[in-house]
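Q: Residue numbers (my numbering): -1 to 306. Backbone N, C-alpha and C define an ideal beta-carbon position, used for all residues, glycine too. Attaching a single structure in structure tokens format; questions to follow.
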Ligand SMILES: *Cc1c(COP(=O)(O)O)cnc(C)c1O
């Protein structure tokens, strides 16, 4: 048994017609927590539980915190999530629905994270949102499922926040002897911490995040993601916030699924930057999902962005 499910792999006629490529979608928006994060976090939580953890602690007011809360409820282990004051009521509601204890502390994620770390006792497990080998191992199951399906893509599009998804996908590609298949690593321009790390050759912190795609807003990526860029073909692609938000609206119309702009950024490459797909025929998009944005948020933001 795993806490994640095997998700559908579907050809997208709409996106194929727009881009002139064969586009396949791996729909991880359909995971029970609404994002891919339960793959890695589920495996990490199961492992920590088997090692005797009596409580899980997270500092993510996003899809990672929600995956920890879900894993804890399923495994019968209490969960504490420390979130900053900026966390929306919608996210708190989702966390409460998974029976998590919520502690609101500090004005930034850094402050909430420091509080979370200070709470860790000897029988608690801190669950990191992207920097943990167990997470990468769990995320690699995406590629296992694609390989079993019999489809072999020429390239894989995914988005990068802290680089956990990329590290897991690269691990899965190596494991399935697909080390030649390139990864298109997409970020929004205001959250390009992976682009910067690839340029410098090591993780470096951004001075600030200037993107509204909040799930991509890690100031610094994990070392493993940078190491992969030296061992596996990875191309960095940047899109604007406006493209990421517009892609969410278009994807809702085309596939009747609402995803976060953090996922829309990857779809925006197909909708608006098909030139980045020039070398490929069959392109697989990891539809990573995300549950923290409403359609009203997306429309209001688009109105605001086009007025600037
Ligand atoms: C976490 C997340 C990402 C980024 O994943 P990382 O492992 O942090 O790189 C992208 N999209 C969504 C919806 C997420 O929740």
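Within the region 226 to 277, note down every full alpha helix (DSSP H) run reaching 4 residues or more, in order along the chain.
A: Here the runs fully enclosed are 239 to 253 and 259 to 270.
Q: For residue 158, count the other beta carbons within 10 Å of its own beta carbon; 16 or more makes it buried, fewer makes it exposed. Which is it?
A: It counts as buried.
Q: According to DSSP, is residue 191 helix, strand or coil?
A: Here residue 191 sits in helix by DSSP.
Q: May I ask you to report which of helix, strand or coil DSSP gives residue 207?
A: The answer is coil: DSSP assigns residue 207 none of H, G, I, E or B.
Q: Work out the CA separation of residue 40 and residue 74 for me, nearest whole Å.
A: Their backbone Cα atoms lie some 13 angstroms apart in a straight line.
Q: Taking the CB atoms as reference points, tell me whether residue 261 and residue 302 lie closer together than 8 angstroms.
A: Taking 8 angstroms as the Cβ cut-off, residue 261 and residue 302 do not qualify as a contacting pair.
Q: Between 23, 194 and 264, which lies nearest to residue 219 when the distance is taken from Cα to Cα?
A: Taking only the C-alpha atoms, the option nearest residue 219 is 194.
Q: Is residue 173 closer than 8 angstroms to residue 138 when the C-beta atoms are compared?
A: Result yes, Cβ atoms of residue 138 and residue 173 sit closer than 8 angstroms.
Q: Should residue 161 and residue 223 be called a contact, given that it needs their Cβ atoms to be closer than 8 angstroms?
A: Going by C-beta atoms, residue 161 is nearer than 8 angstroms to residue 223.
Q: Contact defined as beta carbons within less than 8 angstroms: I believe residue 76 pairs with residue 94. What is the distance between those atoms, to the nearest angstrom?
A: In fact, because the Cβ distance is near 13 angstroms, the residues do not count as touching under 8 angstroms.
Q: Does the beta carbon of residue 246 fall short of 7 angstroms from some heavy atom of ligand 1?
A: No; taking the cut-off as 7 angstroms, the Cβ of residue 246 has no heavy atom of ligand 1 nearer than that.
Q: For residue 99, which of helix, strand or coil comes out of DSSP?
A: Residue 99 falls in the strand class under three-state DSSP.
Q: Between the C-alpha atoms of residue 80 and residue 150, what's the straight-line distance to the nearest angstrom?
A: Cα-Cα distance, rounded: 41 angstroms.
Q: So, are the CB atoms of residue 98 and residue 65 less than 8 angstroms apart?
A: For residue 98 and residue 65, no; Cβs fall outside 8 angstroms.
Q: Residue 251: buried (16+ other C-beta within 10 angstroms of its C-beta) or exposed?
A: With fewer than 16 other Cβ atoms within 10 Å, it is exposed.
Q: Might you give, ordered along the chain, the residues of its own chain that have their beta carbon closer than 8 angstroms to the beta carbon of residue 248, omitting 5 neighbours on each side?
A: 265 and 269.
Q: Give the straight-line distance between the Cα atoms of residue 191 and residue 208, rounded to the nearest whole angstrom.
A: If you take the alpha carbons of residue 191 and residue 208, they lie about 11 angstroms apart.
Q: The beta strand (DSSP E) that contains residue 146, what's its start and end?
A: Residue 146 -> not in any beta strand (DSSP E); alpha helix (DSSP H) instead, spanning 139 to 147.
Q: Helix, strand or coil for residue 156 per DSSP?
A: It is a strand residue.
Q: Taking all protein chains shown into account, decide if residue 108 is buried (16 or more other Cβ within 10 angstroms of its Cβ) or exposed.
A: It is exposed - the Cβ of residue 108 has fewer than 16 other Cβ atoms within 10 Å.
Q: Any heavy atom of ligand 1 within a distance shorter than 7 angstroms of the CB on residue 112?
A: No.
Q: What would DSSP say about residue 289, mapped onto helix, strand or coil?
A: Residue 289: coil per DSSP, three-state reduction.
Q: Rounded C-beta distance between residue 184 and residue 155? I'm assuming under 8 angstroms.
A: Between residue 155 and residue 184 the Cβ distance is about 6 angstroms, and since that is below 8 angstroms, they are a contact.
Q: What do you get for residue 240, buried or exposed, if any count of 16 or more other CB atoms within 10 angstroms of its CB means buried?
A: When all chains shown are included, residue 240 counts as buried.
Q: Can you give me the Cβ contacts of residue 17 inside the same chain, cut-off strictly under 7 angstroms, excluding the 5 residues immediately before and after it?
A: 268, 272 and 275.
Q: Which value, in whole angstroms, describes the spacing of the CA atoms of residue 277 and residue 20?
A: Rounded to the nearest angstrom, the two C-alpha atoms are 12 angstroms apart.
Q: Counting along the chain, where does the beta strand (DSSP E) carrying residue 8 start and finish?
A: Taken as a continuous stretch (DSSP letters only), the beta strand (DSSP E) holding residue 8 covers 7 to 9.
Q: So the candidates are 50, 45, 3 and 13; which of them puts its Cα closest to the Cα of residue 32?
A: Ranking the options by Cα distance to residue 32, first place goes to 3.
Q: Just checking my contact of residue 101 with residue 113 at CB under 8 angstroms: how many whole Å lie between their CB atoms?
A: Right, their Cβ atoms sit about 7 angstroms apart.
Q: Looking at residue 82: is its Cβ nearer than 8 angstroms to the Cβ of residue 63?
A: Not a contact, by the Cβ cut-off of 8 angstroms.
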